[in-house]
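Residue numbers (my numbering), protein chains in the order written: chain A, 112 to 310; chain B, 112 to 310; chain C, 3 to 259. Every residue, glycine too, gets a C-beta built ideally from N, C-alpha and C.
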């Protein structure tokens with residue numbers, strides 16, 4: 112029976128999308144960082160002994176799972192064939208926010224999108240479309256992101272100011288729906304009940 | 112020595128960010144889809160036997176790694192925000208109707224629930240759980256809604272057919288009787304000690 | 003709060019009705035139609051501030067069927083109703099039953115979905131994707147992406163969300179209360195003295211209004227303010243005012259909370 116701490120390390124590192132620092136693991140699991148290092152070494156050895164197709168590696172100050180180097184040929188095939196070529200809607204949204212609001216922090220992006228964007232930010236950064244442009248001078252010293260010359264080049268722009276201006280707000284179909292619904296409900300006095308206010 | 116194909120499955124699923132379809136794996140690894148299923152079952156069993164903190168699951172038509180459910184308490188600490196905001200009772204009911212009756216129109220949903228479901232439908236759509244699946248071929252050409260692979264992932268199901276059969280939820284005889292009895296019109300039954308209408 | 007109706011407890015008329023019927027599961031046979039109808043109408047009154055027109059209509063439609071069923075029960079053996087009407091009532095009742103059953107079925111199915119989600123929610127998927135060793139292999143992510151597309155996304159993000167309930171306070175929901183009907187009758191009956199039920203309700207257009215007025219009449223009868231006579235089972239119901247206290251001084255059993 113594997114220890115709960117050992118299993119918890121596996122679970123956390125498995126769902127993390129960045130390398131997890133041993134200090135963080137130690138804190139989450141209420142053991143010493145040294146113990147975390149020991150357990151990770153234990154896990155790494157057991158994957159090696161079991162001849163798994165993945166490894167636990169220490170990289171960029173933390174632990175992460177990655178596919179075993181000797182299976183690179185398969186992974187390459189998968190990456191080439193398995194992925195869709197287009198950016199996801201989430202990635203496009205995040206890119207749009209960074210382009211128009213730069214420099215902007217992760218927290219600000221998340222608050223505009225309504226969901227966390229960390230994974231997407233990492234992808235965009237890995238592809239060289241965005242970069243860490245500055246640090247927030249405020250207390251948190253949050254990293255601020257901005258766009259790269261590569262992105263401008265790919266969009267066919269010379270300067271970021273050439274981005275198309277944001278138009279005056281035009282209500283989208285959902286807003287129209289909501290308005291209409293409300294006005295409809297307001298039409299109690301309409302005998303025929305069928306007249307719909309047009310906007 | 113684990114087979115190369117087995118290890119390659121581990122390596123590929125490890126780098127995937129959506130469930131990997133067995134057909135794709137079969138194609139990349141040049142084995143039959145049935146063989147892929149066998150190997151995945153083997154992997155799943157070996158992680159279980161080794162008491163790993165992660166599992167290989169089949170969900171939404173493909174295989175993915177995920178943290179073991181019994182470690183939720185630890186992973187929660189790491190993943191700061193909850194995976195999903197909770198759905199309201201209204202949203203769940205609407206989702207159930209769409210899941211079981213898809214493709215289904217707004218009007219059909221509203222008629223089952225007895226209330227307009229537009230707001231709830233919009234929420235479910237925004238959450239990515241349902242989508243406009245088709246158009247009614249009839250005169251109105253009403254939009255018909257269906258569920259998405261994301262919903263399957265959230266439910267932990269491989270296919271929508273894995274939902275428990277709806278027949279299971281049809282009210283039992285006690286409820287039927289209660290409903291029927293309560294809505295009895297006329298005084299026929301009142302003589303024999305049934306409920307007495309009181310003013 | 004979504005701008006569609008979300009009442010504190012009940013999502014729609016079926017929800018409410020199911021609750022009323024099944025709440026006392028211990029002693030199902032004691033649940034009387036009267037209690038259900040009264041509770042239903044009472045809840046409706048409580049909910050009215052939160053209802054919009056469309057939903058209020060659904061609630062009222064069911065209230066009408068319920069009241070009709072109740073009215074029928076109050077007069078056992080009353081068969082001066084036309085066969086067609088009788089059949090229509092049974093049809094409505096069966097329809098209501100069928101819809102209640104369907105609603106209950108999906109309610110329970112929703113519970114199952116909830117449990118599945120809860121169980122699945124205890125695991126988190128791996129979403130890390132391929133590491134940087136494979137980054138160079140990824141297809142051109144920006145293919146087909148234009149600056150205009152970015153602008154469209156930004157604009158969509160900045161648009162106000164229709165999440166909030168728009169002001170509906172100016173809407174007066176349709177109200178039907180037995181108390182109002184009682185007041186009307188107290189005003190009208192002393193002037194006419196004796197009148198047939200059909201004349202008394204002659205100018206009322208809606209079936210529900212007639213039913214409510216009938217309930218009001220029964221209320222007055224119970225309090226000894228009117229007399230009701232019916233010569234034979236098919237005869238017209240005659241209403242006579244027996245005199246009594248000044249209008250407004252009457253305690254009406256609360257139908258509407």
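Within 8 Å of any Cβ in chain B, is that where the Cβ of residue 262/A sits? no
For the beta strand (DSSP E) that contains residue 229/C, what are its first and last residues? 228 to 232
Can you tell me where the beta strand (DSSP E) with residue 232/B in it begins and where it stops? First-last for residue 232/B: 229 to 237, but that is the alpha helix (DSSP H), not the beta strand (DSSP E).
Proximity to residue 143/C [Cα-Cα], best of 240/A, 150/A, 276/A: 240/A
How would you list, in chain order, the residues of chain B whose beta-carbon sits under 7 Å from the beta-carbon of residue 165/A? 121, 122, 125
Measure from the C-beta of residue 193/B to each C-beta in chain A and report whether the shortest distance is under 8 Å. At residue 193/B the pLDDT is 45, less than 50, meaning the model places this residue with poor confidence and gives no usable figure here.
Can you find a C-beta in chain A that's less than 8 Å from the C-beta of residue 159/B? no
In this structure, does DSSP put residue 180/A in helix, strand or coil? helix
Does the beta-carbon distance from residue 117/B to residue 167/B come in below 8 Å? no
Nearest to residue 188/C (by Cα), restricted to the options 220/C, 37/C, 119/C, 60/C: 220/C
Same chain only: Cβ atoms within 8 Å of residue 1/C, ignoring 5 sequence neighbours per side: Nothing about residue 1/C can be reported from this structure: the residues present for chain C run from 3 to 259 only.
Would you list, in chain order, the members of the segment 110 to 136 of chain C that have their beta-carbon closer than 9 Å to a beta-carbon of chain B? 110, 111, 112, 113, 114, 115, 116, 118, 119, 121, 122, 123, 124, 125, 126, 127, 128, 129, 130, 131, 132, 133, 136
Partners in chain A for residue 198/B, counting only beta-carbon separations shorter than 9 Å: Ordered by position in chain A, no residue passes the 9 Å Cβ test against residue 198/B, which lies about 16 Å from the chain.
Residues that residue 216/A bridges to, as DSSP identifies them: 255/A
Quick one: does residue 152/C have its CB under 8 Å from some CB of chain A? yes
For the beta strand (DSSP E) that contains residue 245/A, what are its first and last residues? 241 to 246
Spatial neighbours of residue 136/A within its chain, please: C-beta separation below 7 Å, excluding the five flanking residues on both sides. 120, 123, 147
Does residue 148/C come within less than 8 Å of chain A when only Cβ atoms are used? yes
Please say whether residue 128/B and residue 131/C have beta carbons closer to each other than 8 Å? yes
Assuming residue 133/B and residue 144/B form a contact by the criterion Cβ under 8 Å, report the distance between their Cβ atoms to the nearest whole angstrom. 5 Å
Note down the Cα distance separating residue 233/B from residue 233/A, rounded to an integer number of angstroms. 30 Å
Contact set between residue 38/C and chain B, taken where Cβ atoms lie within less than 7 Å: 293
Is the shortest distance between the beta-carbon of residue 188/B and the beta-carbons of chain A less than 8 Å? yes
Going along chain A in order, which residues have a C-beta closer than 8 Å to the C-beta of residue 159/C? 204, 207, 208, 223, 224
Find the residues of chain B that neighbour residue 23/C, judging by a C-beta separation of less than 7 Å, and give them in chain order. 289, 290, 293
Between which two residues does the beta strand (DSSP E) harbouring residue 124/B extend? Element bounds for residue 124/B: not the beta strand (DSSP E) but the alpha helix (DSSP H), 115 to 126.
On the premise that residue 149/C lies in contact with residue 266/A, defined as a C-beta separation below 8 Å, what is that separation, rounded to the nearest angstrom? 5 Å
Residue 242/A versus residue 209/A - alpha carbon distance: 10 Å
Would you call residue 279/B buried or exposed, if buried means 16 or more other Cβ atoms sit within 10 Å of its Cβ? exposed
Close Cβ partners of residue 261/A (< 7 Å) along its chain, the five nearest in sequence each way excluded: 239, 240
Partners in chain C for residue 128/A, counting only beta-carbon separations shorter than 7 Å: 129, 130
Whole-angstrom distance between residue 183/C and residue 49/C, CA atom to CA atom: 20 Å
As a quick exercise: from 105/C, 61/C, 14/C, 120/C, pick the residue whose alpha carbon is nearest that of residue 282/B. 105/C
Considering only residues of the same chain and omitting the five flanking positions on each side of residue 199/C, which have a CB-CB separation below 8 Å? 216, 219, 238, 239, 240, 241
Please go through the segment 67 to 139 of chain C and give each complete beta strand (DSSP E) segment of 3 or more residues, from N-terminal end onward. none
Partners in chain A for residue 176/B, counting only beta-carbon separations shorter than 7 Å: 125
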